[in-house]
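What follows is one structure encoded as structure tokens, with my remarks underneath.
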Amino acid sequence: MISYATVGSNDFDTSLPFYTDLLGTDGVTKMFDHPRGGVLFGKGGQPVLGVLKPADGEAASVGNGTMIAIGLPTREAVDAFHAKALDLGGSDEGAPGERGPGFYMAYFRDPEGNKFAACKLG
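Residues 1 to 122, numbered by full-length UniProt numbering, are exactly what the sequence shown covers, in order.
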């Protein structure tokens, strides 16, 4: 079971407002500023996503083949989350729709190119 995920950022002025607004649509808020730069976001006292400066001090880069899926309670919430990501400067990687039995998905990239899925499973 995955507890939380992190993505690297080279531009906190863009990435932090993007994630604050986008994750806020599902009740996720800033938990704390990370000591090396960035923010850990959470919900109900549990971490969800860190947007951080890489630990090795090198530039952040997009992981080829890496994707983070964010579970949402309804198909309508998936549609709205995907639309919000695009409104905030993300790019479309696949419109909302059925991807398999019980898999309703939408795909987008954040402004730095990290790939995400919004999903309602079941």
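Ideal Cβ placement from N, Cα and C applies to all residues, glycine included.
- When rounded, the separation of the alpha-carbon atoms in F116 and A106 is 8 Å.
- The C-beta distance from K53 to R36 rounds to 5 Å, short enough to meet the 8 Å contact threshold.
- By the neighbour-count criterion, in which 16 or more other beta carbons inside 10 Å mark a residue as buried, D110 falls on the buried side.
- Per DSSP, reduced to three states, the secondary structure at T20 is helical.
- Closest in alpha carbon position to N114, among E58, T25, G100 and S91, is S91.
- Counting along the chain, no alpha helix (DSSP H) covers R36, and no H or E run does either.
- Here the stretch 91-101 does not lie against the stretch 24-31, with fewer than 3 beta-carbon pairs under 8 Å apart.
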